[in-house]
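A short write-up of the structure that comes next.
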Amino acid sequence: MNEQKNIFVTQPYLPPLDEFYPFLEKIWGNKWLTNNGEYHKEFEKALCEYLGVNHISLFANGTLAIITALQAMRITGEVITTPFSFVATTHSLWWNGIKPVFVDIDPVSYNIDPNKIEAAITPKTTAILPVHVYGKPCNTEKIQEIADIYGLKVIYDACHAFGVEKNGQSILNFGNMSILSFHATKVFTTFEGGAIVCNDESTKKRIDFLKNFGFADETTVVAPGINAKMNEFQAAFGLLQLNHIDKAIRMRQDVAEIYNEKLKNCVGVTLPAEVPGLRHTYPYYPILVNKEKFGLSRNQLFEKLKESNVFTRRYFYPLISQFPAYRGLESSKPDNLPVATSIAEEVLCLPMYPNLSVDEINLICNLITNN
Ligand SMILES: *Cc1c(COP(=O)(O)O)cnc(C)c1O
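So for the sequence shown, the working numbering puts the first residue at 2; every next one is plus one.
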């Protein structure tokens, strides 16, 4: 039998190693390793320009960035959020002593369903924490409308939304803040890393204090901050990565196009919905597998692909609301979350990364269509 090499769901797109040496030499020369160094400042500026946003504050990772964003806005009480995301979204509320209130998702975008938000608001609600799942924009207009009526803050978990634009505009400028992750598995990576995008300078200043223990200057500590700083190594790598990111995104778009073409007639498989006017960066390629029409359940297809060394991921299953810390909440009941519950049972993320070859995509698609 032919030994098929492992194909994982993701693989980082790394720049040529020799391009990184000059950055390292400069760090070795300066001997300034962290705490708002040269590369840190340069990377913040370059990112603002690339992403088309006003202010960015870099972080050690995305989770600390969400936790700090909630601190910076003094969010307390209850926050409305989605169960269909990576656990860090809700964990960030927990680490702030905030009660998550889960609201069901939209069956097409997989994002929080704005029509169900109002029913979840109580006198304790202070904010909404939606996620641009798989980089597809939330219904930002409707969410802002509700937030304005009820006086709520909106913080977007935009960890999937690096470089996503709608009608030529960054989707990171909606709400009070947006959070990015530069983890190794994301479209844009600094190994570990993250950022908060915000609109005004005074907010950025407060965020910068909070991520550095609350220090405003040598002797002034304005709040019980945390250590969530990005170091010079990460910032330098990020700057280098920026030179390559447009190509990497184009390669992802090419992969998606082949999947779209090869799988479009596959009965029982729903492909990701097209969004008009979107610069989609394809952090994931999620399909839905309908057992009745397809013949295999999602889990059966997952196992079948695994037997051929194709390692897909069931993002997002189980729902966050099903984990022990959260399943006792009233809003976690499956009756409250029918759409999310059904999609979590059917979703499968196929391998998606810039260097996935045409042969590999063909192999994956043949395994799916020949069953
Ligand atoms: C990756 C991710 C995070 C966490 O980011 P880290 O940088 O890994 O801490 C949070 N939310 C979502 C939706 C993510 O995909």
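Ideal Cβ placement from N, Cα and C applies to all residues, glycine included.
- The alpha carbon of Phe189 has as its nearest neighbour, out of Glu26, Thr220, Pro277 and Cys160, the alpha carbon of Cys160.
- No heavy atom of ligand 1 is found nearer than 7 Å to the CB of Thr83.
- In this structure Val270 is not in contact with Ile250, their Cβ atoms being roughly 25 Å apart against a cut-off of 8 Å.
- Within the same chain, and ignoring the five residues on either side of Met74 in sequence, the residues whose Cβ sits closer than 8 Å to its Cβ are Ala128, Lys154, Ile156, Asn177 and Met178.
- For Thr35 against Asn232, the beta-carbon gap comes to about 4 Å, under 8 Å, which counts as contact.
- Cβ contact annotation for Ala224 (same chain, cutoff 7 Å, sequence separation greater than five): Phe210, Leu211 and Gly215, in chain order.
- The C-alpha of Gln72 lies about 51 Å from the C-alpha of Asn371.
- The stretch 112 to 173 contains, as complete alpha helix (DSSP H) runs of 4+ residues, the segments 141 to 151 (chain order).
- Just measuring C-alpha positions, the residue of Trp29, Gln170, Phe60 and Leu15 sitting nearest Tyr51 is Gln170.
- Excluding residues up to 5 positions away in sequence, Val132, Val134, Asp158, Phe317 and Ile321 lie with their Cβ nearer than 7 Å to the Cβ of Ser86 in the same chain.
- In this chain, the beta strand (DSSP E) harbouring Val348 covers Val348 to Leu351.
- Look at His281 here: in three-state DSSP terms it is coil, with no helix or strand label.
- For Ile57, the enclosing beta strand (DSSP E) stretches over residues His56 to Phe60.
- In summary, Phe192 is exposed, with fewer than 16 beta-carbon neighbours lying within 10 Å of its beta-carbon over all protein chains present.
- The Cβ-Cβ distance between Asn7 and Phe303 does not fall below 8 Å.
- From the listed residues Leu59, Leu241 and Ala341, the smallest Cα separation to Pro17 is found for Leu241.
- Taking C-beta atoms as the reference points, Cys350 and Leu264 fail to come closer than 8 Å.
- In the displayed model, Lys6 falls within coil according to three-state DSSP, outside both helix and strand.
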